[in-house]
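If you read the protein sequences in the order shown, they are chains A and B. Throughout the first sequence, residue numbering follows the numbering used here, covering 35 to 257 in sequence. Throughout the second sequence, residue numbering follows the numbering used here, covering 35 to 257 in sequence. Think of the CB as a built atom: it goes at the ideal place given N, C-alpha and C, for glycine as much as any other residue.
2 protein chains.
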Amino acid sequence: MKLEFHIQMNAGLYLRNPEHSELGRNIIEKSIKLIFENGFESFTFKKLAEEIGTTEASVYRYFENKHRLLLYIVAWYWSWLGHQINYETKNINDPKIKLKKIIKLLATKVEDDESTSYVNESQLHEIVISEGTKSYLTNHVGEDNKLKFFKPYKDLCGLIGSVILECKSNYKYPNSLASTIVEMAHFQNFFMQNLPALTDFGNEKDDTKIVLFLEDLVFTSLK
Amino acid sequence: MKLEFHIQMNAGLYLRNPEHSELGRNIIEKSIKLIFENGFESFTFKKLAEEIGTTEASVYRYFENKHRLLLYIVAWYWSWLGHQINYETKNINDPKIKLKKIIKLLATKVEDDESTSYVNESQLHEIVISEGTKSYLTNHVGEDNKLKFFKPYKDLCGLIGSVILECKSNYKYPNSLASTIVEMAHFQNFFMQNLPALTDFGNEKDDTKIVLFLEDLVFTSLK
DNA sequence: AATAAAATGATAGTAATACTTTCATAAATA
DNA sequence: TATTTATGAAAGTATTACTATCATTTTATT
């Protein structure tokens with residue numbers, strides 16, 4: 035018997051819970067595939083319906099619009115990553131080692147998690163790198179925030195912030211440093227791939243270099 | 035006689051040079067106004083034409099599409115800021131003081147520059163904070179980069195990178211640190227305003243606190 | 001097994017977006 | 001003055017982002 039890993043999602047994100055039906059799981063799976071392949075701008079519910087072999091109307095029964103669907107998969111990613119971090123840093127007492135582990139998990143390639151059958155975490159990671167900020171860079175960010183759509187992201191930053199304080203209890207900017215680590219883990223990756231002049235690892239395109247940069251940045255601050 | 039400040043723009047960004055006509059300058063001016071007020075997603079050429087009192091077709095004679103127009107105003111902003119930085123750091127020899135000045139210019143509120151009649155820099159700064167990354171977070175970033183649309187941004191990061199090396203000649207990540215400073219100057223501002231839990235200045239909403247955070251981050255790295 | 005309830009498919013329709021085309025007129029330039 | 005160039009006015013198209021209706025299939029309840 036296979037253990038399916040389960041994440042409790044904010045019910046405000048969907049109209050009908052996509053986990054509860056084959057069609058719903060298909061919507062998530064194929065959305066990730068299509069957004070990964072062609073980006074979020076060119077993604078439409080019509081194309082998604084065709085990919086699945088269903089109708090546009092059926093997709094709209096699950097998600098109000100494509101932005102909500104983006105919020106859903108991004109929130110899913112942060113929740114999943116939170117669990118990964120919890121699992122991987124369990125029993126580690128040294129907060130510096132914990133923080134290093136977190137930086138590595140944030141900045142390096144993600145492998146597909148076999149225990150989640152309809153989510154390809156590797157592709158989802160790439161999506162969060164190039165489309166993740168669009169989940170909150172909108173003029174309805176305030177309302178979305180009230181509806182707690184960014185809770186998984188904020189929780190993750192909160193966790194990282196607390197590890198930062200464990201490293202240096204009088205550090206003045208734990209939350210800002212946490213959000214900097216998270217965003218830069220992704221932006222440096224995007225820049226390395228697409229605008230390499232903005233980084234110092236454009237030639238190798240090796241994400242472990244991003245880890246070294248972030249470690250240098252963070253641990254000189256937490257000395 | 036008033037001296038008009040002039041920036042040489044990449045001609046690939048437009049179909050017809052907006053600087054060369056009243057209508058063109060109006061397109062820039064009102065685009066900034068509308069994007070500032072309602073965000074880039076809700077901005078359309080139709081609304082812009084109505085605001086100006088012209089037709090959609092006329093706007094399309096200047097810009098291929100609204101993304102090109104975004105690229106234009108964002109590139110304009112980075113060029114303008116590059117000039118500001120040059121002007122404000124002229125005659126400063128100490129690279130640390132220079133870098134502090136740069137951080138301040140990046141992270142704090144921008145005042146409208148009187149020498150540019152049809153560009154409201156204060157609003158443009160806000161636009162670059164919340165919409166700037168969308169200029170390159172597309173699936174055609176590679177082509178846009180080949181067309182040199184991001185040159186002003188890359189030049190600015192290059193300049194900051196060189197000041198970083200002046201501060202510490204053996205620092206390994208001048209470009210990554212430069213792009214981190216630039217992006218975080220804006221993201222911390224956006225977070226402070228919209229998702230304050232991700233920062234340590236959500237209560238005060240004071241952008242000089244962002245400067246202190248970035249200075250701390252940067253100068254511990256460059257010790 | 002019968003019935004009710006819920007989910008899906010099929011089809012159609014609407015308003016807005018993102019453009020393109022054409023042609024007349026006005027303004028600038030040679 | 002002739003000619004090029006820019007703008008306005010109007011119409012048209014394909015796509016997007018939905019909503020509505022109704023028949024059919026699947027699932028849950030008794």
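Distance, Cα to Cα, residue i vs residue j?
i: Thr78/B; j: Glu90/B; result: 9 Å
i: Lys143/B; j: Ile126/A; result: 42 Å
i: Phe235/A; j: Ile163/A; result: 17 Å
i: His40/A; j: Asn209/B; result: 40 Å
i: Phe183/A; j: Asp128/B; result: 45 Å
i: Ser151/A; j: Lys132/A; result: 28 Å
i: Met35/B; j: Leu115/B; result: The pLDDT assigned to Met35/B is 48, lower than 50, so where the model puts this residue is not dependable; a value taken from the coordinates is nonetheless given after this. Straight-line Cα distance between these residues: approximately 24 Å.
i: Tyr48/A; j: Ala109/A; result: 12 Å
i: Arg156/B; j: Ile62/B; result: In the sequence under discussion, the amino acid at residue 156/B is Ser, which differs from the Arg named in the question. Going from the Cα of Ser156/B to the Cα of Ile62/B covers about 14 Å.
i: Gly293/A; j: Ile69/A; result: The requested residue 293/A does not occur in the structure, where chain A is confined to residues 35 to 257.
i: Leu158/A; j: Lys124/B; result: 46 Å
i: Leu171/B; j: Met226/A; result: 13 Å
i: Lys188/A; j: Asp241/B; result: 21 Å
i: Phe97/B; j: Glu148/A; result: 47 Å
i: Asn237/B; j: Asn228/B; result: 12 Å
i: Met43/B; j: Tyr111/B; result: 11 Å
So, is the C-beta of residue i closer than 8 Å to a C-beta in chain A?
i: Tyr15/B; result: What is shown of chain B runs 35 to 257, which leaves residue 15/B out entirely.
i: Phe97/B; result: no
i: Gln222/B; result: yes
i: Thr172/B; result: yes
i: Phe225/B; result: yes
i: Ser213/B; result: yes
i: Asn204/B; result: no
i: Leu251/B; result: yes
i: Cys201/B; result: no
i: Glu85/B; result: no
i: Asp259/B; result: Outside the displayed range of chain B (35 to 257) lies residue 259/B, so it cannot be described from this structure.
i: Glu160/B; result: no
i: Glu122/B; result: no
i: Asn179/B; result: yes
i: Lys188/B; result: yes
i: Ser156/B; result: no
How would you write the range of the alpha helix (DSSP H) that residue i sits in, first residue to last?
i: Thr227/A; result: Per the sequence presented here, residue 227/A reads as Gln, with Thr not at that position. Unbroken alpha helix (DSSP H) run through Gln227/A: 208-228.
i: Tyr187/A; result: 185-201
i: Asp178/B; result: 175-180
i: Phe77/A; result: From DSSP, Phe77/A is part of no alpha helix (DSSP H); its letter is neither H nor E.
i: Arg91/B; result: Residue identity differs from the one stated: residue 91/B is Ala in this sequence, not Arg. From DSSP, the alpha helix (DSSP H) with Ala91/B extends over 90-94.
i: Ser121/A; result: Correcting the residue type first, residue 121/A is Tyr in the shown sequence and not Ser. Here the alpha helix (DSSP H) through Tyr121/A covers 100-123.
i: Gly58/B; result: 56-72
i: His159/B; result: 155-165
i: Thr254/A; result: 241-255
i: Ile137/B; result: 129-141
Measure from the C-beta of residue i to each C-beta in chain B and report whether the shortest distance is under 8 Å.
i: Glu75/A; result: yes
i: Phe247/A; result: yes
i: Asp241/A; result: no
i: Ala231/A; result: yes
i: Met35/A; result: Any reading at Met35/A needs caution, since the residue's pLDDT is 47, under 50, leaving its predicted position unreliable; the model's value is listed next. Output row for Met35/A: interface = no.
i: Ile41/A; result: no
i: Gly116/A; result: no
i: Asn237/A; result: no
i: Phe283/A; result: Nothing can be reported for residue 283/A: it is not among the residues displayed for chain A, which extend from 35 to 257.
Considering only their Cβ atoms, is the gap separating residue j from residue i smaller than 8 Å?
i: Pro186/B; j: Ser113/B; result: yes
i: Arg50/B; j: Arg95/B; result: yes
i: Leu246/B; j: Cys191/A; result: no
i: Ile119/A; j: Ile107/A; result: no
i: Glu53/A; j: Lys134/A; result: no
i: Ser255/B; j: Thr254/A; result: yes
i: Leu181/A; j: Ile198/A; result: no
i: Phe74/A; j: Leu104/A; result: yes
i: Ile66/B; j: Asn173/B; result: no
Going by CA-CA distance only, name the one from the options that's closest to residue i.
i: Asn99/B; options: Ser149/B, Gly46/B, Tyr111/B; result: Gly46/B
i: Tyr121/A; options: Gln157/A, Leu139/A, Lys182/A; result: Leu139/A
i: Arg102/B; options: Ile41/B, Asn179/B, Val153/B; result: Asn179/B
i: Gly176/A; options: Pro230/B, His40/B, Lys81/B; result: Pro230/B
i: Ala55/A; options: Lys80/A, Val93/A, Asn44/A; result: Checking the displayed sequence, the identity of residue 55/A turns out to be Ser instead of Ala. Closest option to Ser55/A, Cα to Cα, is Val93/A.
i: Gln222/A; options: Asn223/B, Pro129/B, Phe225/B, Ile215/B; result: Ile215/B
i: Lys239/A; options: Glu85/A, Ala141/A, Asn72/A, Met43/A; result: Ala141/A
i: Leu57/A; options: Thr172/A, Ile86/A, Lys80/A; result: Ile86/A
i: Met218/A; options: Ser196/A, Lys206/A, Val252/A, Leu82/A; result: Val252/A
i: His263/A; options: Lys64/A, Ile244/A, Leu193/A, Glu160/A; result: Outside the shown range of chain A (35 to 257) lies residue 263/A, about which nothing can therefore be said.
i: Phe34/A; options: Lys81/A, Ile161/A, Thr88/A; result: Because chain A in this structure spans residues 35 to 257, residue 34/A falls outside the shown range and cannot be described.
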